[in-house]
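Colleague: My questions will all concern the structure given below.
Protein chains: 2
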Amino acid sequence: MVHPFDDDTAITALDNGAHAATLTDRWGRLGGGPLGGYTLCVALAAMHHVVPQPDPLVVTAHFLRPGRLGAAEIAVDVVRIGRRTATASAVLSQTHEPIIAALATFGELSAFTGGHALFNAPPQLPSPDDCLDWRTTDERSDGVTIRDRVECRIPPAAEPSATATQPRQEFWIRLREPRTLDLRPLPLLVDAAPPAVMLLGYSGDLTLELTVHLRAHPSSQWLAARATVRHLANGLHEEDFELWDIAGTLVAQSRQLALVPAA
Amino acid sequence: MVHPFDDDTAITALDNGAHAATLTDRWGRLGGGPLGGYTLCVALAAMHHVVPQPDPLVVTAHFLRPGRLGAAEIAVDVVRIGRRTATASAVLSQTHEPIIAALATFGELSAFTGGHALFNAPPQLPSPDDCLDWRTTDERSDGVTIRDRVECRIPPAAEPSATATQPRQEFWIRLREPRTLDLRPLPLLVDAAPPAVMLLGYSGDLTLELTVHLRAHPSSQWLAARATVRHLANGLHEEDFELWDIAGTLVAQSRQLALVPAA
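Keeping their order, the protein sequence lines are chains A and B. Read left to right, the first sequence gives residues 3 to 265 (my numbering). Read left to right, the second sequence gives residues 3 to 265 (my numbering).
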């Protein structure tokens, strides 16, 4: 059986060189409409299709307008195919309106053999069994379909509350249905939890840009996540996001520039 | 008199819709050739030319191969021009070989009026007058022309040394020749200091991708910089970079994915 993620990011090559896809209602964000990270994974699938390298190393999306359910067309350009890395660009459109513009550079992670040094540590969390499903603790999840696809579990002590003043949250995250372990869903997972800025009382945010570094192949379904906001000014803020597998390896690191509405 | 930054990032519209520029020898990086952040500023100038909004808000570059001195051509596409923001893409090429692919989203910073909250602080540095010109303390600067254009001053106590184990450095940075205060040179400045990974003994690095968030118009020539590396694995690492003006406002925040060679 095909995993919903693979079903819903499947692309079809068109005669005009572009790719067709369908944004389904299974990855709906808070506020409705397909999650930006899901839309990015669809564009990434189309870019991946035109390069020989096996791994996305870094992918960037600029979000132009909210995506909608239904048909999408992805225009892809190969910018450069080199021996070690390749770069492609994509614009995903719906009814001829551009939704996101993306760039991705691909390579083979196992071909990189340089040094190691870690000046950070994975989140220290109780076992997922001892954590709470975020959906059951957050009434805002009602009808948000991304919560049916992506499971977040938070330590009981860290339950989001109105008293939280530090916009940083650590939790477990995984696709609810187990899937082959690879890099492809990571750009969705870094965008799939409630935004950390909501700890400051905001009801949501609007992402302008998201860049994801894919750093290692995950060795586990459960990934430990850390989301942090450090600079909110004039509504603009960054959300930094880390994903670590159970072996303690950083598998993805992302940052997005997002906007919260004026109070 | 035109500032060297403006002279050297000037673009000329060509009949074919592209823009022409010249990469000069005044912004040479460690190892030779034009600095990636300088090349990005040239591409940004071309993207800025095709949108009505005054401020770049976020710009991303994927670096495909090292740039060279001399003529460059920038192919620019307007992805979307909206009321509040606009997005453009660019590929800068030399002799028909792509050097960088870029995306930029523009807007008007003063139009954003949402909330404020800061969970970080600017670097606490002695006055620039009490700091040391990095060029005079680092013999690797010889012949590196970016050092003639961009001045870095480090606190005497923080002089880079072989005993430094934490790849984090804080210092002052500015264009040596005073220039109108605006956002345009910030993508160059975030890339203009010696890479923080050199504190771990590496002789340099190769940038795969750089994303810069432009957060506020700087109120001073001197900017306080903080560069940090937290995750080096298989030679791949991120460098996070912050620029703060003397009023204590974060004016730019960047992250790059870079590679150091195998030992």
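Cβ coordinates follow ideal geometry from the N, Cα and C atoms, glycine included.
With DSSP as the reference, please indicate the residues paired to L238(A) in a beta bridge.
Modeller: L238(A) is bridged to A235(A), L261(A).
Colleague: Would you list the one or two residues that DSSP bridges to L94(A)?
Modeller: In DSSP, L94(A) forms a bridge with I76(A), I102(A).
Colleague: So L42(B) is in the alpha helix (DSSP H); what residue range does that whole segment cover?
Modeller: Where L42(B) is concerned, the enclosing alpha helix (DSSP H) stretches over 38-51.
Colleague: The alpha helix (DSSP H) with W136(A) in it runs from where to where?
Modeller: Per DSSP, W136(A) belongs to the alpha helix (DSSP H) from 136-139.
Colleague: Starting from the C-beta of W178(B), find all residues in its chain whose C-beta is less than 8 Å away, skip the five residues before and the five after it, and write them out in chain order.
Modeller: The identity of residue 178(B) in the sequence shown is Arg, whereas the question assumes Trp. Contacts found: D150, R151, V152, E153.
Colleague: Tell me which residues share the same chain as P180(B) and place their Cβ nearer than 7 Å to its Cβ, disregarding the 5 neighbours each side in the sequence.
Modeller: Excluding sequence neighbours, P180(B) sits near Q223.
Colleague: So, do the stretch 199-213 of chain B and the stretch 229-243 of chain B have three or more beta carbon pairs nearer to each other than 8 Å?
Modeller: Output reads yes: the stretch 229-243 of chain B touches the stretch 199-213 of chain B.
Colleague: DSSP three-state call for D207(A): helix, strand or coil?
Modeller: The answer is coil: DSSP assigns D207(A) none of H, G, I, E or B.
Colleague: Per DSSP, which residues does R28(A) bridge with? Please list them.
Modeller: DSSP lists no partner for R28(A).
Colleague: Return the chain-ordered list of same chain residues with a C-beta closer than 8 Å to the C-beta of V221(A), the five sequence neighbours on each side being excluded.
Modeller: Here the sequence assigns Ser to residue 221(A), which means Val is not the residue at that position. Excluding sequence neighbours, S221(A) sits near L183, D247, I248, A249, T251.
Colleague: Give a yes or no on contact between the stretch 51-64 of chain B and the stretch 108-122 of chain B, applying the rule of three or more CB pairs nearer than 8 Å.
Modeller: Segments in contact, yes.
Colleague: Please report the distance separating the alpha-carbon of P128(B) from that of P169(B).
Modeller: Approximately 20 Å between the Cα atoms of the pair.
Colleague: Which residues in chain A have a C-beta closer than 8 Å to the C-beta of Q168(B)? List them in chain order.
Modeller: Ordered by position in chain A, the residues that pass the 8 Å Cβ test against Q168(B) are F121.
Colleague: Shortest alpha-carbon distance to E172(B) belongs to which of A218(B), T147(B), A226(B), T209(B)?
Modeller: Closest by alpha carbon: A226(B).
Colleague: With DSSP collapsed to three states, give me the class of R85(A).
Modeller: R85(A): coil per DSSP, three-state reduction.
Colleague: Below 8 Å on the Cβ atoms is my contact criterion, and I expect V80(A) with V52(A) to pass it. Report the Cβ-Cβ distance as a whole number of Å.
Modeller: The Cβ separation is near 5 Å, so the contact holds.
Colleague: Roughly how many whole angstroms lie between the Cα atoms of M49(B) and P158(A)?
Modeller: So the two alpha carbons sit approximately 48 Å from each other.
Colleague: So, helix, strand or coil for V199(A), using DSSP?
Modeller: Looking at V199(A) - three-state DSSP - the assignment turns out to be helix.
Colleague: What are the start and end residues of the beta strand (DSSP E) that includes R1(A)?
Modeller: Chain A is shown only over 3 to 265; residue 1(A) falls outside these bounds and no answer can be derived.
Colleague: With C-beta atoms as the reference, is V253(A) less than 9 Å away from R228(A)?
Modeller: In this structure, R228(A) does not lie closer than 9 Å to V253(A) by Cβ.
Colleague: Do you know offhand how far L16(B)'s Cα is from A45(B)'s?
Modeller: Spanning the two alpha carbons is a distance of roughly 14 Å.
Colleague: F114(A) touches chain B at which residues, Cβ-Cβ below 9 Å?
Modeller: The answer, in chain order, is A235, N236, G237, L238, L261, A264.
Colleague: Within this structure, are the beta carbons of L190(A) and Q258(A) separated by less than 9 Å?
Modeller: No, the pair does not count as a contact, with Cβ atoms beyond the cut-off.
Colleague: Does the beta-carbon of E99(B) have 16 or more other beta-carbons within 10 angstroms, so that it is buried, or is it exposed?
Modeller: E99(B) is exposed by the Cβ-count criterion.
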